[in-house]
């Protein structure tokens, strides 16, 4: 999963490859060669009745030096007092418009994470475990958190037009989860 971002990034330049991309792929291969001893592991020390789901999303503003587009990252994991087991992850370069601010890029990542990973995995685990499973979304941008809590942000009202993301829908989704 450590290679998701760079592979996603480089795949967008297959038809317009440059020497800079050669350097990036060389650096990636060096990372692979130097990190062969690293491994992703899961720790499950709780009964299934104690499991919950965690969703972590993050984004960076204009990380691509060529297109100035943001990259969104998502990871979903089973969590509990003695459990952490990653079960899904993705990294994707933003499509459409370029984000105008870090909070708007973070909201794009949060909406994508809920839509593509959080809700589907939550529904699946609820059916498998035959109980309602709690999904906790982790967001690190205070402005994005405030916008979702309020259900609106005048500075990010463009998100509906440019990214088809509604802050009001995110607000309703999280407000419904708290009941």
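In the numbering used here, the protein residues as written are 37 to 215.
Every residue, glycine too, gets a C-beta built ideally from N, C-alpha and C.
Note that the coordinates shown come from a computational prediction; the quantities given were computed from them, not determined experimentally.
query	result
Three-state secondary structure (DSSP) of residue 104	coil
Whole-angstrom distance between residue 86 and residue 156, CA atom to CA atom	20 Å
Under the three-state DSSP convention, the category residue 48 falls into	coil
Beta-carbon proximity check, residue 102 vs residue 161, cutoff 9 Å	no
Candidates 39, 142 and 210: closest to residue 75 by CA position	39
Bridge partner(s) assigned by DSSP for residue 79	120
Closer than 8 Å: residue 66 CB and nearest the ligand ADP heavy atom	The ligand ADP is absent from the structure shown, which contains no ligands of any kind.
Sub-9 Å separation of residue 137 and residue 97 beta-carbons	yes
Residues bridged to residue 125 (per DSSP)	111
Spatial neighbours of residue 215 in its chain, beta-carbon cut-off 8 Å, leaving aside the 5 residues before and after	Here residue 215 scores only 46 on pLDDT, less than 50, and its place in the model should not be relied on; the value that follows carries that caveat. Cβ neighbours of residue 215 beyond the five flanking positions: none.
Rounded separation between residue 198 and residue 45 - CA only	21 Å
Beta carbon of residue 72 nearer than 9 Å to that of residue 169	no
Per-residue DSSP class, three states only, for residue 176	coil
Residue 172 vs residue 91 beta-carbon contact at 9 Å	yes
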